[in-house]
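Only one structure is covered here, and it is reproduced in the block below.
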Amino acid sequence: MIIVDLSQVEKHYRGVHALQQLDLQIQQGEILGLFGHNGAGKTTTIKLILGLIKPSQGEVRVFDKNPAGSHAYQIRRQLGFLQENVSFYQQMTGLEVLNYFAKLKGCTARQPRDLLAQVGLEQAADRRVKTYSKGMCQRLGLAQALLGAPKLLLLDEPTVGLDPLATRDFYSSIDALKQAGSTIVLCSHLLAGVEKVIDRALILKQGRALAAGSLSELRQQADLPVNIELQGQGLQLPQNLFADFHRTEKGIECQISQQQKMHLLPQLLSLPGLENIEIHMPSLDDVYAHFNQPSSGTV
Ligand SMILES: Nc1ncnc2c1ncn2[C@@H]1O[C@H](COP(=O)(O)OP(=O)(O)OP(=O)(O)O)[C@@H](O)[C@H]1O
Numbered sequence: 001m002i003i004v005d006l007s008q009v010e011k012h013y014r015g016v017h018a019l020q021q022l023d024l025q026i027q028q029g030e031i032l033g034l035f036g037h038n039g040a041g042k043t044t045t046i047k048l049i050l051g052l053i054k055p056s057q058g059e060v061r062v063f064d065k066n067p068a069g070s071h072a073y074q075i076r077r078q079l080g081f082l083q084e085n086v087s088f089y090q091q092m093t094g095l096e097v098l099n100y101f102a103k104l105k106g107c108t109a110r111q112p113r114d115l116l117a118q119v120g121l122e123q124a125a126d127r128r129v130k131t132y133s134k135g136m137c138q139r140l141g142l143a144q145a146l147l148g149a150p151k152l153l154l155l156d157e158p159t160v161g162l163d164p165l166a167t168r169d170f171y172s173s174i175d176a177l178k179q180a181g182s183t184i185v186l187c188s189h190l191l192a193g194v195e196k197v198i199d200r201a202l203i204l205k206q207g208r209a210l211a212a213g214s215l216s217e218l219r220q221q222a223d224l225p226v227n228i229e230l231q232g233q234g235l236q237l238p239q240n241l242f243a244d245f246h247r248t249e250k251g252i253e254c255q256i257s258q259q260q261k262m263h264l265l266p267q268l269l270s271l272p273g274l275e276n277i278e279i280h281m282p283s284l285d286d287v288y289a290h291f292n293q294p295s296s297g298t299v
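This note's numbering puts the sequence shown at residues 1 to 299.
This is the structure:
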């Protein structure tokens, strides 16, 4: 089932082409990573999905309805949103903030306390928000976004300000929501963290889609080499096995194409003296850098 459907969407702000000819479909239960440099059009895409702004051209459908049309209220009750640089009423306690948003959203009274526990703020529930650290405010923002078990969750830089443990907990919560059937859009500049969580990525540049697909599809499209580290003393490679290799203290490092990997692995594993082999596939960071090279076109 398609939850979000953007078709040939354009958004112009007085001379700024924030989005151009954008097509995007997000299936139910999918986690989409939305990436791009500053000003690439990520927040504009999120605002269109939320129905906060309307496209200049093209069509936006969320749950098969126009999110900025007469069904907006009905759609928004099924949405959760965490904006970048979240801020709350400073004089209220964390629990009061969540109760307030829960009432606006028509959620059950029990949920705010459960959510505060889920994001690790149980002990701080009755403290005023003005005493919260940046990371605690971010956790409160997450709890707010999770109110009402949203079917579609939009998260703009959700892990900014979170420590490594809280970031890990956050991604576990995201995975649990996905398992429960939620659809999630994640914008982040911290690519290493989101790499394991997302099903698919859309990379934007100056309002246009540069590349889209799963990490494995993007690796194929980018055709970046795989780095292989062969560890062992006195390793000898058969002649002409690799054009591109160099010796290191631990053994040999080489680069092979993704297509060669499965074909060459048996030969590498049978090398005399091989003690260990480490295979480094191109990361999301590598793929992102590749598509953002000046020569890369758009999809
Ligand atoms: N209300 C507005 N009026 C004029 N221009 C705008 C407005 N909102 C966004 N823009 C412009 O549209 C483009 C896309 O902005 P957007 O906020 O979507 O980028 P972003 O990818 O979210 O960037 P960042 O990573 O910095 O948050 C930018 O050039 C921005 O200056």
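For glycine and all other residues, C-beta sits at the position ideal for the given N, C-alpha and C.
query, result
"Per-residue DSSP class, three states only, for serine 133", "coil"
"Three-way DSSP call (helix, strand, coil) for leucine 142 in this model", "helix"
"Collapsed DSSP secondary structure at alanine 124 in the structure displayed", "helix"
"Residues near glutamate 10 by beta carbon distance below 8 Å, same chain, minus five either side", "His17, Leu19, Gln20, Gln21, Leu22, Pro55, Ser56, Gln57, Gly58"
"Three-way DSSP call (helix, strand, coil) for threonine 45 in this model", "helix"
"For phenylalanine 101 and glutamine 144, believed in contact at Cβ under 8 Å, the rounded distance", "5 Å"
"Contacting residues, own chain, Cβ-Cβ under 8 Å from serine 283 (five flanking each side not counted)", "Leu191, Ala192, Glu195"
"Beta-carbon proximity check, glycine 36 vs isoleucine 203, cutoff 8 Å", "yes"
"Coarse secondary structure for lysine 54, derived from DSSP in three states", "coil"
"Near ligand 1: lysine 205 beta-carbon under 7 Å from a heavy atom", "no"
"Alpha carbon of aspartate 126 to alpha carbon of glutamine 111, nearest angstrom", "15 Å"
"Near ligand 1: threonine 93 beta-carbon under 7 Å from a heavy atom", "no"
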